[in-house]
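Below is one structure; the comments refer to it alone.
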Amino acid sequence: MTLRVRLVLALLTLLTIGLAIFGVATYSFYSRSQYKRLDDQVRASMPLVSQELDHQAGRGGPAQGPQGRDGGRDGQGGPRGQGGPPPLVVAPGTYGELRDSSGAVITNLELSTTATPPTLPAKLTANGHQRLFDAGDYRVLVAPGPGFGEQDQTVVVAVPLTDITTSLHRLLYVEITGGVALLLVLSLGSWLILRRGLHPLEEMASTARSITAGDHVDLSQRVPAEGPTEVGQLGLALNTMLDDIEDAFNEREATEQRLRQFLADASHELRTPLTSIQGFAELFRVSGEDAQVDLPTILRRIEQESGRMEGLVEDLLLLARLDQARPPDKQPVDLAVIAADACSDAVAVAPDRSITLDAPEPVVVEGDEAHIRQAVANLVTNALAHTPEGSPIEVSTRRVDGTATISVRDHGPGLDGDAQAHVFDRFWQADRSRTGTGAGLGLAIVAAIATEHGGTAEAHNANGEGAEFTLALPLPERTSPSRA
Numbered sequence: 017m018t019l020r021v022r023l024v025l026a027l028l029t030l031l032t033i034g035l036a037i038f039g040v041a042t043y044s045f046y047s048r049s050q051y052k053r054l055d056d057q058v059r060a061s062m063p064l065v066s067q068e069l070d071h072q073a074g075r076g077g078p079a080q081g082p083q084g085r086d087g088g089r090d091g092q093g094g095p096r097g098q099g100g101p102p103p104l105v106v107a108p109g110t111y112g113e114l115r116d117s118s119g120a121v122i123t124n125l126e127l128s129t130t131a132t133p134p135t136l137p138a139k140l141t142a143n144g145h146q147r148l149f150d151a152g153d154y155r156v157l158v159a160p161g162p163g164f165g166e167q168d169q170t171v172v173v174a175v176p177l178t179d180i181t182t183s184l185h186r187l188l189y190v191e192i193t194g195g196v197a198l199l200l201v202l203s204l205g206s207w208l209i210l211r212r213g214l215h216p217l218e219e220m221a222s223t224a225r226s227i228t229a230g231d232h233v234d235l236s237q238r239v240p241a242e243g244p245t246e247v248g249q250l251g252l253a254l255n256t257m258l259d260d261i262e263d264a265f266n267e268r269e270a271t272e273q274r275l276r277q278f279l280a281d282a283s284h285e286l287r288t289p290l291t292s293i294q295g296f297a298e299l300f301r302v303s304g305e306d307a308q309v310d311l312p313t314i315l316r317r318i319e320q321e322s323g324r325m326e327g328l329v330e331d332l333l334l335l336a337r338l339d340q341a342r343p344p345d346k347q348p349v350d351l352a353v354i355a356a357d358a359c360s361d362a363v364a365v366a367p368d369r370s371i372t373l374d375a376p377e378p379v380v381v382e383g384d385e386a387h388i389r390q391a392v393a394n395l396v397t398n399a400l401a402h403t404p405e406g407s408p409i410e411v412s413t414r415r416v417d418g419t420a421t422i423s424v425r426d427h428g429p430g431l432d433g434d435a436q437a438h439v440f441d442r443f444w445q446a447d448r449s450r451t452g453t454g455a456g457l458g459l460a461i462v463a464a465i466a467t468e469h470g471g472t473a474e475a476h477n478a479n480g481e482g483a484e485f486t487l488a489l490p491l492p493e494r495t496s497p498s499r500a
């Protein structure tokens, strides 16, 4: 059973119970009020009927007595009697009896020639007090009457229940038909309202099924989330969840793609030195003691290739540790000092280069000194490896807007659009004009170290010629004021 059907049935059940309680209460209240009115009418008719019965019994014939509501003696407009007390009006169809102490009827009074008299007990007496009861279609009042001689008499007055019965039947008919009609209208209305209100849930279910339909999971679809209703809030929450799932799914796919590319590139880069080592070892084995073989050269080349492979493995291990996102071992580090040391190392490696340092003041950050030194060294090494011999290199440190920066600018061919987008990717190498002997991991390590410290690594073409690489790290709060 669907939620819509259950809600409609629950609503109809509650409405039915409510209408039943209201109908029973209304019927009961109306019935009591009608019976009270009739009882008052019967009691008001008692003196008139008693007087007429007493007159008939005492004089042996009828006298001018009670009339029907239309002024006639029988309720049909008959002539009024002449003389005596003025006639009084009682309910049409009123019936009266005068009985002796044994319950035998002395005389009776009928104000209607068409109504059937009530069926009363044969030995009906008042026993000294009034009492009311129903007798068929009549409401009967029994009361002590005037006595003749030594005998006590009983007066019986019966008023028809026809009007009350008709009114109650009409009320019951109106309540039942009106209640059924109301339930039908409310059923249709609630069905339409619930159909409209629950339609977004059907769309959500349809969207959920379409997301997982087929062989491909399409997480780009969204469910309707309109309005401040509970259904709208549910749609908003589901869309937020789908956004997070899609982001996580895309991130997982991107990570898997990077991992596959990483493994492929690492295998390729490791294969090159391994192949060289294997080749030189094979040459040494085949040559034996051949005097023409330059043994020192073979050993030197094996040593070079093994060193290259060792450096590659160390870089890979460092990237793997950085990928674990462990918090760095922070301590105060002066970028100006690190920049000066990097420049000194570069001058020792390339004495023919013009390497200048612009560090007018200390720039202290908190971080892992060994990692920061390696990042700066990689930037300087990258500039040496990918620029023409003799071209100058400039290194500078600054504090700007709460950030410490160290920049390395070269005067080489610069970066094209593709290079700027991928220069910090792992195993990525620029075009031939910037190609060197590295494996493409130096700048990737710079970016990973920047991320480790909550900073960034950027690269762009400098004004004029060349490229500029910048490592930006956050300054401690106590040293965050901007300085140019």
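The sequence shown begins at 17 in our numbering and counts up by one.
Just so you know, even glycine gets a beta-carbon here, dropped at the ideal spot from N, CA and C.
Kindly indicate which three-state DSSP category A174 falls into: helix, strand or coil? Locating residue 174 in the sequence shown gives position 158, counting from the first residue. If DSSP states are grouped into helix, strand and coil, A174 belongs with the strands.
Is it true that the segment 419-429 meets the segment 477-492, where meeting means three or more beta-carbon pairs spaced less than 8 Å apart? yes
Going by DSSP in three states, G295 sits in which element: helix, strand or coil? One-based indexing of the sequence shown puts residue 295 at position 279. Reduced to three states, the DSSP call for G295 is helix.
Taking only the alpha-carbon atoms, compute the straight-line gap between L512 and P216 and give it to the nearest angstrom. Outside the modelled stretch of the chain, which goes from 17 to 500, sits residue 512, for which no answer is possible.
Please determine, among T110, G195, A197, the residue with the shortest C-alpha to C-alpha distance to V175. Numbered from its first residue, the sequence shown carries residue 175 at position 159. When only C-alpha atoms are compared, the closest one is T110.
Can you tell me the Cα-Cα spacing of A391 and E468, whole angstroms? Reading the sequence shown from its first residue, position 375 is the one you call residue 391. Reading the sequence shown from its first residue, position 452 is the one you call residue 468. Using only the alpha carbons, I get a separation of about 11 Å.
Under a Cβ-count criterion, where at least 16 other Cβ atoms within 10 Å of its own Cβ denotes burial, should H387 be classed as buried or exposed? Mapped onto the sequence shown, residue 387 falls at position 371. Buried.
Bridge-paired residues (DSSP) for R316: Looking up residue 316 in the sequence shown gives position 300. Partner(s): none; R316 has no beta bridge.
Please return the same chain residues whose Cβ sits closer than 6 Å to the Cβ of R317, not counting the five positions on each side in sequence. In the sequence shown, residue 317 corresponds to position 301, counting from 1. F296, listed in sequence order.
State the Cα-Cα distance for the pair Q273 and V329, rounded to the nearest angstrom. Taking the sequence shown and counting its residues from 1, one reaches residue 273 at position 257. Taking the sequence shown and counting its residues from 1, one reaches residue 329 at position 313. Each residue's Cα considered, the two are about 21 Å apart.
So, for I354: in the same chain, excluding its five sequence neighbours on each side, which residues have a beta-carbon less than 7 Å away from its beta-carbon? For the purposes of this step, residue 354 is taken as the residue at position 338 of the sequence shown. The residues I388, R389, V392, in chain order, have a CB closer than 7 Å to that of I354 in the same chain once the five nearest residues on each side in sequence are set aside.
Out of curiosity, what's the CA-to-CA distance linking G458 and L395? The residue given as residue 458 occupies position 442 in the sequence shown. The residue given as residue 395 occupies position 379 in the sequence shown. Answer to the nearest angstrom: the Cα atoms are 8 Å apart.
According to DSSP, is V239 part of a helix, a strand, or is it coil? The residue you call residue 239 lines up with position 223 of the sequence shown. It is coil, neither helix nor strand.
When the Cα of T271 is compared with those of A358, D259, D339, which residue comes out closest? Reading the sequence shown from its first residue, position 255 is the one you call residue 271. The option with the nearest alpha carbon to T271 is D339.
Going by CA-CA distance only, name the one from P240, L332, E385 that's closest to L275. Counted from its first residue, the sequence shown places residue 275 at position 259. When each option's Cα is compared against that of L275, the closest is L332.
What are the start and end residues of each continuous beta strand (DSSP E) run of 3 or more residues lying completely inside the segment 318-361, in chain order? 347-350
Report buried or exposed for F265, applying the criterion of at least 16 other Cβ atoms within 10 angstroms of its Cβ. Within the sequence shown, numbered from 1, the residue matching residue 265 stands at position 249. With fewer than 16 other Cβ atoms from the protein chains shown falling within 10 Å of its own Cβ, F265 counts as exposed.
Beta bridge counterpart(s) of I371 as assigned by DSSP: For the purposes of this step, residue 371 is identified with residue 355 of the sequence shown, where counting begins at 1. Answer is I409, bridged to I371.
Can you tell me which of the three DSSP states N266 falls into? For this step, residue 266 is matched to residue 250 along the sequence shown. Looking at N266 - three-state DSSP - the assignment turns out to be helix.
Paired residues, beta bridge with R301 - DSSP: Within the sequence shown, residue 301 is the residue found at index 285, counting from 1. None, per the DSSP bridge assignment.
Rounded to a whole number of angstroms, what is the C-alpha to C-alpha distance between V439 and S370? Translated into positions along the sequence shown, residue 439 becomes position 423. Translated into positions along the sequence shown, residue 370 becomes position 354. Each residue's Cα considered, the two are about 24 Å apart.
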